[in-house]
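> The sequence shown begins at 4 in this note's numbering and counts up one residue at a time.
Glycine included, C-beta positions come from ideal geometry on N, C-alpha and C.
Nothing here was measured: the structure is a model prediction, and the numbers come from that model.
Once you've had a glance at the structure underneath, I'll fire off some questions.
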Amino acid sequence: MNDRMSRKWTPRTMAAQMFGIGEPITRGVVAPIHVATTFIRDPDNQYRSGFAYGRPDNATVRHAEAAIAALETADAALLFASGMAAATAVVLALDPPAHIVAAQEMYWALRQWLVREAPRHGYRVDLVDMTDLDAVRRTVTRETRLVWIETPSNPLWTITDVAAVAGIAHAAGARLAADSTVATPVFTRPLALGADIVMHSATKYLNGHSDVVAGALATARRDELWSRIQSVRTQYGAILGPFEAWLLMRGLRTLPLRVQAQSETAALLALRLCRHRRVARVLYPGVQEHPGHAIAARQMSGFGAMLSIRVKGGEAAALATAAQVTLWRRATSLGSVESLIEHRASVEGPDSACPPDLLRLSVGLEDADDLYADLDQALRTGASRS
Ligand SMILES: Cc1ncc(COP(=O)(O)O)c(C=O)c1O
């Protein structure tokens, strides 16, 4: 971020102005894509540009990192080839046999990695219900190096009290990392609530157009752990490519507007679906009955654009409903401008803890009435066909 774009401006203003990053030679208002993988040494053997090779660092990647750091009010950010690469880098930066306490309910692939793969690297992992603060206090010990939370968590949108868990982690001498993919920096800034590291699958809202796989970490301070994470990225070759970083930067420019509009539509749909006779339950932190509503209202400035519904008639009715949509796209992932519907248990497989009657809805930028009309007809036709 350049001096013109200091953090006195709101995220919406910074994003619209591409965080003040342009092209100094031509004075283009848009930053270029830097593709070079290697850089010339000066005769005195130094690299004065600050760049030597493309695996540790890239100028376009740095641009997008500066933008994410600004949005998260972070000291620094790092971009990775995927959300999974970003999350696992935090763990791999710790010395085994470090103890890690993670949320029982979180993105299933990361939970599986923590339970199955992390112990193969020598880490000890315990899962805990993060909404039960007494259980968290009992599980986090002096041995714990990292507490991992995800809020709202995928796909029940359970809310974790970031400040409370940060207090427990810090009292034990552990760090708190928060997967804030669903909240986005527009609705929650976990670092301001006490988290040490915030993580995003930038594949989702940050990019927002279903055309980039990327992961991001942002840190409250550039400390020893952050240097270790940076060196894990270099050693594992997990940096994001420059084209993807540039597309991500382009997506970031409309992030505040996109997620605001998507969240408003999600709230409207949630209210209407609560009254639908084919819907047994709506899971959305914005509805009062959601167990995390009060905490979400406190720590989020919007409830986000992800919700799930539990369909009356069980798994068969849920699958039949998903089969009947014509506007919603039946696809995995979330956070893009097009709305997606997914029978989550089918994706997660036999080990899934996800209720079989659950459909996950990622609300995009379409008209709210169109989205509701399509779901309504799918729920009705699905019920008659299941
Ligand atoms: C909440 C959450 N965290 C992390 C990830 C992993 O991100 P990626 O697919 O970019 O590796 C996902 C992917 O769906 C996710 O939903």
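Is it a yes or a no for the region 302-311 touching the region 253-271, going by three-plus beta-carbon pairs under 8 Å?
Counting Cβ pairs under 8 Å, three or more are found: they touch.
> Name the one or two DSSP bridge partners that V150 has.
Looking at the DSSP assignment, V150 forms a beta bridge with V104 and L179.
> By a C-beta neighbour count over all protein chains shown, 10 Å radius and 16 as the cutoff for buried, is L274 buried or exposed?
Result: exposed.
> Report whether the distance from the Cβ of S213 to the nearest heavy atom of ligand 1 is below 8 Å.
S213: no, Cβ never under 8 Å from ligand 1.
> Report the residue from P358, V340, D354 and S339 whose alpha carbon sits nearest the alpha carbon of H346.
With distances taken between Cα atoms, H346 lies closest to P358.
> Could you check how far apart the C-beta atoms of A169 and A198 are, in whole angstroms? I think they sit under 8 Å.
Yes, they are in contact, since the Cβ atoms of A169 and A198 sit about 6 Å apart, within 8 Å.
> Once the 5 residues before and after L368 are set aside, which same chain residues still bring their CB inside 7 Å of it?
Only R261, A264, Q265 and V340 meet the Cβ criterion.
> Using a Cβ-based criterion (distance less than 8 Å to any ligand heavy atom), does Y239 qualify as near ligand 1?
No.
> Within 10 angstroms of its Cβ, does A148 collect 16 or more other Cβ (buried), or is it exposed?
The question names Ala, but residue 148 in the sequence shown is Arg. So R148 counts as buried.
> To the nearest angstrom, report how far apart L250 and R141 are at their CA atoms.
Cα-Cα distance, rounded: 44 Å.
> Where are the beta strand (DSSP E) runs, 3 residues long or more, that stay fully inside the region 58-136, in chain order?
Qualifying beta strand (DSSP E) stretches, in chain order: 79-83, 102-106 and 127-131.
> Any chance you could list the alpha helix (DSSP H) runs of at least 4 consecutive residues sitting entirely within the region 174-228, in chain order?
Whole alpha helix (DSSP H) segments, 4+ residues: 187-190.
> Would you mind stating whether A89 and A219 have Cβ atoms separated by less than 9 Å?
The answer is yes: Cβ separation under 9 Å.
> Taking just the CA atoms, how far does D373 sit from R127?
Going by the C-alpha atoms only, they are around 48 Å apart.
> Run through the DSSP bridge pairs and tell me what R332 is partnered with.
Paired residue(s): L343.
> Is any heavy atom of ligand 1 found at a distance shorter than 8 Å from the C-beta of L1?
The structure shown has nothing for residue 1, since the chain only spans 4 to 389.
> Would K207 be called buried (16 or more neighbouring beta carbons within 10 Å of its own) or exposed?
Buried, because 16 or more other Cβ atoms sit within 10 Å of the Cβ of K207.
> For A186, tell me which candidate among H212, T154 and L117 has the shortest Cα-Cα distance.
Per the Cα distances, T154.
> Indicate the three-state DSSP secondary structure (helix, strand or coil) for E369 in the structure shown.
It is coil, neither helix nor strand.
> Kindly indicate the opening and closing residues of the beta strand (DSSP E) around V290.
It is not in any beta strand (DSSP E) - V290 carries neither H nor E in the DSSP assignment.
> I need the DSSP call for G31, collapsed to helix, strand or coil.
Looking at G31 - three-state DSSP - the assignment turns out to be strand.
> Please classify S355: does DSSP put it in a helix, a strand, or coil?
Of the three classes helix, strand and coil, the one that applies to S355 here is coil, per DSSP.
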